[in-house]
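**Student:** I have a structure here, written as structure tokens, and I will follow up with some questions on it.
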Amino acid sequence: MFLHRPLEEKDVPFICEMPQSIDELFYMFPKAVYPLTPEQLNESIEQRSDNTVIELDGQVVGFANFSRYDFRGRCSMGNVIIDPRFRSKGVGRYMIGCMMELAFGKHEAAELTASCFNHNVPGLLFYPKLGFKPFAIEERQDKKGARVALIHLKLPRS
Numbered sequence: 001m002f003l004h005r006p007l008e009e010k011d012v013p014f015i016c017e018m019p020q021s022i023d024e025l026f027y028m029f030p031k032a033v034y035p036l037t038p039e040q041l042n043e044s045i046e047q048r049s050d051n052t053v054i055e056l057d058g059q060v061v062g063f064a065n066f067s068r069y070d071f072r073g074r075c076s077m078g079n080v081i082i083d084p085r086f087r088s089k090g091v092g093r094y095m096i097g098c099m100m101e102l103a104f105g106k107h108e109a110a111e112l113t114a115s116c117f118n119h120n121v122p123g124l125l126f127y128p129k130l131g132f133k134p135f136a137i138e139e140r141q142d143k144k145g146a147r148v149a150l151i152h153l154k155l156p157r158s
């Protein structure tokens, strides 16, 4: 049974261990330098809202927040990561459900958005299953300077 709650300082080291590669960290937090450090994560979460952890049996297995949170406007998810040992086990679906409740309940958002880089195939295939639809593509550069596409997806309030 999954539970969710606000982030606590004691959770930060566990979240920092979740990205297992430069690419995974880039998907979660493009500005960060691998490996993710508590300092980098704390700097990000100080600028964000609704920092949320997902627990299973007292263990932190997922994390997400909002990089944008406009009351009755748009909430945009960021820093989305799931512990690699718990991927494809329902954590993502539960976590996005929690973020939907925060966006549409607390913030009364008109829409919730997520963004995925073109080579994050699991993310690109996951979000549409929850009703998200692509609406924009933005050119970015990865850590090696290569061109990548950041695909923006949205879920309107139902």
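Residues in the sequence shown are numbered from 1 upward in steps of one, following UniProt numbering.
Think of the CB as a built atom: it goes at the ideal place given N, C-alpha and C, for glycine as much as any other residue.
Just so you know, these numbers come straight off a predicted model, no measurement behind them.
Please report the Cβ distance between Glu108 and Arg74, rounded to the nearest whole angstrom; I am assuming they are in contact, meaning their Cβ atoms lie under 8 Å.
**Tutor:** Glu108 to Arg74, Cβ: 11 Å. No contact.
**Student:** Helix, strand or coil: how does DSSP classify Glu111 here?
**Tutor:** Here Glu111 sits in strand by DSSP.
**Student:** Give the range of the alpha helix (DSSP H) segment to which residue 245 is assigned.
**Tutor:** Examination of residue 245 is not possible in this model, given that the chain is present from 1 through 158 alone.
**Student:** Identify whether Val19 lies in helix, strand or coil by the three-state DSSP scheme.
**Tutor:** Sequence inspection shows Pro at residue 19; the Val mentioned does not correspond to that position. Three-state DSSP puts Pro19 in coil, outside helix and strand.
**Student:** Would you call the region 76-87 and the region 58-66 in contact, with 3 or more CB pairs under 8 Å?
**Tutor:** Touching, yes, given that three or more Cβ pairs across the two stretches are closer than 8 Å.
**Student:** Whose C-alpha, out of Glu46, Phe14, Gly145, Glu9, is nearest the C-alpha of Ile81?
**Tutor:** Taking only the C-alpha atoms, the option nearest Ile81 is Phe14.
**Student:** On the premise that Pro134 lies in contact with Ile151, defined as a C-beta separation below 8 Å, what is that separation, rounded to the nearest angstrom?
**Tutor:** About 6 Å; that satisfies the 8 Å criterion.
**Student:** For Asp11, which of helix, strand or coil comes out of DSSP?
**Tutor:** In this structure, Asp11 counts as helix in the three-state DSSP scheme.
**Student:** Do Asn79 and Phe126 have their C-beta atoms closer together than 7 Å?
**Tutor:** In this structure, Phe126 does not lie closer than 7 Å to Asn79 by Cβ.
**Student:** DSSP three-state label for Pro84, please.
**Tutor:** Pro84: helix per DSSP, three-state reduction.
**Student:** If distances are taken between C-alpha atoms only, which option among Glu101, Leu153, Phe2, Ser21 comes closest to Leu124?
**Tutor:** If we check each option's Cα against that of Leu124, Leu153 comes out closest.
**Student:** Who are Arg140's beta bridge partners in DSSP?
**Tutor:** Answer is Val148.
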